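Student:
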Amino acid sequence: MDTKFVFVTGGVLSSVGKGIAAASIGMLFKARGYKVTAVKMDPYLNVDAGTMSPFQHGEVFVTEDGAETDLDLGHYERFLDENLSGKNNITSGKIYSHVIAKERKGDYLGSTVQVIPHVTDAIKESILYGAQGSDLAVVEIGGTVGDIESLPFLEAVRQLRRELGPNGSAVVHVTYVPILDTTQEAKTKPTQHSVKELRSIGLQPDAIILRSHLPLEEHVLEKTALFCDVPLDGVINSYDLHSVYEVPLLLEEKHLLQVLEQRLFGTSKEADISAWRNMVGMKTEKKLTIALVGKYVTLPDAYISVVEAIKHAAISKGAKVEVILISSDNLETASDSVLKETFDGIDGLVIPGGFGGRGIEGMIKVLQYARENKLPTLGICLGMQVMSIEFARNVLQLDGANSTEFDPATSYPVISLLPEQSQIENMGASMRLGAYPCTLIEGTKAQEMYKKPVVFERHRHRFEFNNLFKQKFEENGFIVSGIFEPKNLVEILELKDHPFFVGVQFHPEFKSRPMAPHPLFQGLIAQALERSAL
Ligand code: GLN
């Protein structure tokens, strides 16, 4: 069967949940038995998201094959329960590098290389490559209609739609409907304008998802249908919900898929979403509070997969979790009493990944508190590295111990670079990236949680635990419970005399799914629940 496409565009505002809508559409097709994939097109000129600050662009999501991608790929993986790869994230940077490399090679010899057709052809090829092998590909175009940067992508979509034929693709436009405070009136004018803009590029939506704060009345949908020339059953209201995992259920209830499936496949199958429904409806009577102490907390999107992984694990244990984001900068000078006050009522702690020296001393303080007060703690990547620094300084009495990332001249470099990382010339795509096998050591908590001898986990870092210190750590109770055997690298550390003080050099959050929570997060939540019951 030829691959069918759903193109998802955005109008009016960004950040209204286009990624969640795209992921939900994919999930609902998969629930009908189709083989589904998803592609994100990002109009920025960075080749990948890896060189962007989390403050600007939120989390960098890492795939199994080590691509540093847009955070929407995280939504797709979580909703589709499929591993994606670098080919599922197309950027202008990738497209232009490819076109310019071909021009230098002489592949276009004699032609004037132009946005149309050369750039648009490269975009079309990338879309088809990303979609290869699937019955249905959801392709989300980043940004909002009207942006200069996204024009070549929309033009490529227009051309591709012609080539695919009338039943080969559908366009879903996601917009925002403001509701005025003064009159409680829902305004469709911005949606009308954005659809007008979309049509001027040659794209007529088959369905419009109206995002709104509150449920919209029927006449608002009727007006949108009339002015935007979309059948009424193609106008869907997706209002704010408690959890993003409720969105597919809402879209299903509003029959969005009937419109799309009829259009593309000429049928209307039953969806099997009972397991998903059970997950969303799971009783969560126990309450938990987890603190996430990091450097980028002013933009919560920077930790989106970590927060979702905590939620997945909590749901699986029948608990409702509140995740409190705390800036490690603010804790650098915190006294013991301030720490005690801050962490009073907190049942567990996560120290997530990050880069650069800012906020590290605050994390060290918090980790000392958590270690001494037996607060269940998971350190992820940078978090694991800072756990090692704290232990070296405060338990092993190695004064000034540090990572060479923060103090290149430290006398005790417990975290340092391997030779291959010290010779890096380009910053882009040059970290230790993607999935590597981690061998678990018999009789450790890690092995007990994973219940497997070897696991594959995703990496994104330059620095590593320095094996010169391994013996000292182990003699003092901080044991290595997972290693990357080929290079004998420390992947997991755990404290013996503590309910849960586990540091991992990789990012387990990227592999957690709502229907398949990650064992390490489940381990953390289990211990946090025990503590909260005390
Ligand atoms: N900055 C650290 C490194 O590069 C940790 C990276 C991370 O937390 N992702 O090794």
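Position 258 of the sequence shown, counting from 1, maps to 868 under the working numbering, and the rest follow consecutively.
Don't be surprised by glycine CBs; every beta carbon is placed ideally from N, CA and C.
Bear in mind the structure is a predicted one, so any value in this text is a computation, not a measurement.
1. Is E1101 close to the ligand GLN? I mean its beta-carbon at under 7 Å from any heavy atom of the ligand.
2. E918 CB to nearest chain D CB: under 8 Å?
3. Compute the distance between the beta-carbons of Y739 and S702, then report whether it is under 8 Å.
4. For the putative contact between P962 and G1053, defined by C-beta atoms under 8 Å, what is the C-beta separation to the nearest angstrom?
5. Going by other Cβ atoms of all chains shown within 10 Å of its Cβ, with 16 needed for buried, is N888 buried or exposed?
6. Please determine, among I925, E765, S707, V907, the residue with the shortest C-alpha to C-alpha distance to M892.
7. Go through the stretch 943 to 969 residue by residue and report every complete run of the beta strand (DSSP E) that reaches 3 residues or more, in order.
8. For F1066 and Y1046, which I take to be in contact (beta-carbon distance under 8 Å), what is that distance rounded to the nearest angstrom?
9. In chain order, what are the residue ranges of uninterrupted beta strand (DSSP E) at least 3 long that sit wholly in the stretch 1077 to 1115?
10. What residues are listed by DSSP as bridge partners for S915?
11. Given a cut-off of 8 Å on the beta-carbon distance, is the pair I811 and L764 in contact?
12. Does the contact criterion of 3 or more C-beta pairs under 8 Å hold for the stretch 1079 to 1099 versus the stretch 630 to 642?
13. For the stretch 709 to 782, list the alpha helix (DSSP H) runs that are entirely contained and at least 4 residues long, ordered along the chain.
14. Of the residues F665, H783, A1138, which one's Cα is nearest the Cα of Q814?
15. Would you mind reading off the limits of the beta strand (DSSP E) that contains A929?
16. Measuring straight from C-alpha to C-alpha, what distance separates C838 and L831?
17. Buried or exposed: where does M1037 fall if 16 or more other Cβ atoms within 10 Å of its Cβ makes it buried?
18. Would you kindly check if the distance between the Cβ of D717 and the Cβ of D680 is under 8 Å?
19. Can you tell me the Cα-Cα spacing of D682 and K650, whole angstroms?
20. Per DSSP, which one or two residues make a beta bridge with K650?
21. Have a look at D731, L824, A780, F1120 and flag the residue whose alpha-carbon is nearest the alpha-carbon of Q794.
22. By Cβ distance, which residues of its chain are closer than 6 Å to I1135, with the 5 residues on each side in sequence left out?
23. Just how far apart, CA to CA, sit A648 and E750?
24. For T754, which option in C1048, S878, V618, G1133 has the closest C-alpha, if you only look at C-alpha atoms?
25. For S848, report the span of its beta strand (DSSP E) as first-last.
26. Which whole-angstrom value describes the C-beta separation of I956 and T894, a residue pair presumed to lie in contact below a C-beta threshold of 8 Å?
27. Tell me, to the nearest whole angstrom, how far the beta carbon of E1101 is from that of L1028; I am working on the premise that it is less than 8 Å.
28. Would you say the beta carbon of F1170 comes nearer than 7 Å to a heavy atom of the ligand GLN?
29. Inspect the beta-carbon positions of I1051 and V1090 and report whether they are closer than 8 Å.
30. Looking at the ligand GLN, does it come within less than 7 Å of G1044, judged from the CB to the closest heavy atom?
31. Determine contact between the stretch 934 to 950 and the stretch 972 to 992, defined as no fewer than three beta-carbon pairs at a distance below 8 Å.
32. Tell me where the beta strand (DSSP E) around F615 begins and ends.
33. What do you reckon, is the C-beta of R887 under 7 Å from a heavy atom of the ligand GLN?
34. Roughly how many angstroms lie between the CA atoms of G752 and K628, to the nearest whole one?
35. Taking the continuous alpha helix (DSSP H) assigned at P664, which residues delimit it?
Tutor: Taking the geometry as given:
1. no
2. Among the chains in the structure shown there is no chain D, since it carries only a single protein chain.
3. no
4. At roughly 28 Å, the Cβ-Cβ gap does not stay under 8 Å, so P962 and G1053 are not in contact.
5. exposed
6. I925
7. 958 to 961
8. 7 Å
9. 1088 to 1094, 1099 to 1105, 1111 to 1114
10. Answer by DSSP bridge pairing: none, since S915 is not bridged.
11. yes
12. no
13. 730 to 741, 761 to 774
14. H783
15. 929 to 937
16. 10 Å
17. exposed
18. no
19. 7 Å
20. N699, E750
21. L824
22. A923, A924, K927
23. 8 Å
24. V618
25. 845 to 849
26. With 8 Å as the limit, I956 and T894 do not qualify as a contact, their Cβ atoms being about 18 Å apart.
27. Contact doesn't hold; Cβ gap of about 14 Å is too wide.
28. This structure does not reach residue 1170, given that the chain is present from 611 up to 1144, and the question cannot be answered.
29. yes
30. no
31. yes
32. 614 to 620
33. no
34. 9 Å
35. 664 to 667
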